[in-house]
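Reading through the structure tokens given below for one structure.
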Amino acid sequence: MNLDFAPLIAKRRVRFEELEQAITDPALFDDAKKAREILREHARVKELITTWDALEKARIQLIENEEFASGSDAEMAEMARAEIEEINARIPKLEQAVMLTLLPPQPDDDRDAIVEIRAGAGGSEAAIFAGDLYRMYARYAEANGLGQELIEASPSDAGGYKEVIFQISGSEVFRRLRYESGVHRVQRVPATEAQGRIHTSTATVAVLPEAEEVDIELRPQDLRIEVCRAGGPGGQGVNTTDSAVQVMHLPTGKIVRCQDGRSQQKNKEKALTILRSRLLEEKREEEAQKYAAHRKSQIGSGGREEKIRTYNFPQNRLTDHRIGLTLYNLDRVMEGEIVDLIATLEATDTQERLEASTSESV
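Residue numbering for the sequence shown follows the working numbering, starting at 92 and increasing by one per position.
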């Protein structure tokens, strides 16, 4: 699909001049939220213009080198052909970067993520699989320089977790992990299976953008906060004092319990963070439903009823059903090597959004 981005770039250049003026105005910082939005937009537009200029320069270099390659100077032609190969490899990457930065940012792209994994169908094997997924994301975070903090966990007697909630923090974490929401299915022979039969189990993953206080106001009169004794299986790492905190949001009936922290105040802060994130997701989903009839989304709807991915251990196979992608490196994926998988999902989603955006602007 060949699209002419020049008119859009021209508009962005005009907008960049406006933003340059805006950030030099000291009065901008009287409104912290507006200032943050302006600075983020300025950074995005600057990145777009810089990338576009690099793309245009590469295209000119390609034309010049093609002319040299067909010239009579053999030495110059050889050098030009060598550069052509490098430029041809660089141009698609720059084009992809332009497409990404041309699109309006999706809500909450630059936020940290709250990840909730729950065992689904399959009993103890589902809980073990939930634990495997938690380990996969923890390894991914570690390998990519992201922060990871356990917030709440309900271990299963057979291993793994009935439920585990954790935070991953860093640059644009929610943008990277938003595609993980949905039902994950595993096919393998459980350790407890005496006859070697393959079982199918599931776990659900919910990835929520971490909400800020300005997004969701939690009024004291809407909260019931209770303190109780922490406990549960595997209690070596759990404080057995009265440090566990349970928060109920009275208008919605949502309940959040947190006992992983070492202090009451820490657990209260974590519980309120989770509550805000859940309320923000609910708000976002309500808004998204208004537009669902206008745009089909192949990726990232996050519907909990969707089977988004299958992990087949006997064949070392992973299949992402949303884009029809099959990989035969499941062992590496379970070690947290999901960067390429995430990039493929994001590229497909970006292309779809770009096509939709272009058709709407025509």
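Cβ coordinates follow ideal geometry from the N, Cα and C atoms, glycine included.
Residue i in three-state terms, based on DSSP
i           : result
residue 389 : Bear in mind that a pLDDT of 34 at residue 389, under 50, signals an unreliable position, so the number given afterwards is only what the model happens to contain. Coil, per DSSP.
residue 269 : helix
residue 283 : coil
residue 98  : helix
residue 290 : strand
residue 244 : strand
residue 307 : coil
residue 208 : strand
residue 420 : coil
residue 403 : strand
residue 177 : helix
residue 109 : helix
residue 146 : helix
residue 334 : coil
residue 239 : strand
residue 76  : Beyond the ends of the chain as shown, which are 92 and 453, falls residue 76; an answer cannot be given.
residue 260 : strand
residue 278 : strand
residue 348 : strand
residue 429 : coil
residue 226 : helix
residue 364 : helix
residue 315 : strand
residue 375 : helix
residue 202 : coil
residue 157 : helix
residue 412 : coil
residue 171 : helix
residue 126 : helix
Local Cβ density within 10 Å of residue i, reported as buried at 16 or more and exposed below that
i           : result
residue 267 : buried
residue 156 : buried
residue 227 : buried
residue 358 : buried
residue 252 : buried
residue 328 : Here the model assigns residue 328 a pLDDT of 43, short of 50, so the residue's position is not dependable, and the following value carries that caveat. Per the 10 Å Cβ criterion, exposed.
residue 349 : buried
residue 440 : buried
residue 436 : buried
residue 360 : exposed
residue 105 : exposed
residue 258 : buried
residue 164 : exposed
residue 122 : exposed
residue 419 : exposed
residue 116 : exposed
residue 97  : exposed
residue 202 : buried
Nearest to residue i (by Cα), restricted to the options the options
i           : options            : result
residue 404 : 291, 359, 337      : 291
residue 496 : 220, 425, 282, 280 : Past the edges of the chain, shown from 92 to 453, lies residue 496, and the structure says nothing about it.
residue 107 : 124, 120, 141      : 141
residue 346 : 334, 355, 356, 366 : 366
residue 224 : 401, 445, 406, 417 : 401
residue 412 : 282, 114, 123, 398 : 398
residue 446 : 193, 117, 127      : 193
residue 434 : 102, 280, 317, 188 : 188
residue 438 : 418, 414, 419, 376 : 414
residue 206 : 145, 364, 284      : 364
residue 262 : 239, 143, 278, 282 : 239
residue 218 : 99, 265, 338, 248  : 248
residue 237 : 265, 132, 289, 164 : 265
residue 354 : 318, 282, 123      : 318
residue 208 : 222, 202, 169, 216 : 222
residue 149 : 175, 287, 342      : 175
residue 312 : 334, 341, 289, 420 : 341
residue 99  : 190, 282, 425      : 190
residue 423 : 283, 316, 334, 234 : 234
residue 356 : 199, 316, 376      : 316
residue 102 : 121, 125, 143, 126 : 143
residue 307 : 201, 288, 375      : 375
residue 256 : 124, 351, 195      : 351
Whole-angstrom C-beta distance between residue j and residue i, which should lie under 8 Å
i           : j           : result
residue 336 : residue 294 : Rounded, the Cβ-Cβ distance is 26 Å, inconsistent with contact.
residue 172 : residue 180 : Going by Cβ atoms, the distance from residue 172 to residue 180 rounds to 13 Å, so no, they are not a contact pair.
residue 136 : residue 119 : 16 Å between Cβ atoms; not a contact.
residue 114 : residue 130 : 7 Å
residue 407 : residue 421 : 5 Å
Within-8 Å CB hit, residue i to chain D
i           : result
residue 264 : As a matter of chain content, chain D is missing from the structure shown, which is built from one protein chain.
Distance cut-off 7 Å: residue i Cβ against heavy atoms of the ligand MN
i           : result
residue 162 : Here there are no bound small molecules, and the ligand MN is not part of this structure.
Next item on the list: Evaluate the contact criterion for the segment 359-374 versus the segment 284-300: three or more CB pairs, one atom per stretch, below 8 Å.
Entry: Segment contact: the segment 359-374 against the segment 284-300, three or more CB-CB distances shorter than 8 Å; contact assigned.
Note to self: Taking 8 Å as the cut-off, does the segment 205-222 touch the segment 182-196 (at least 3 CB pairs, one atom from each stretch)?
What the structure shows: no
Notebook entry, point to check: Can you find at least 3 beta carbon pairs, one from the segment 418-432 and one from the segment 218-232, that sit closer than 8 Å?
Noted result: Enough Cβ pairs lie closer than 8 Å, so yes.
Checklist line | Any 3 or more C-beta pairs closer than 8 Å across the segment 268-280 and the segment 240-247 | finding: no
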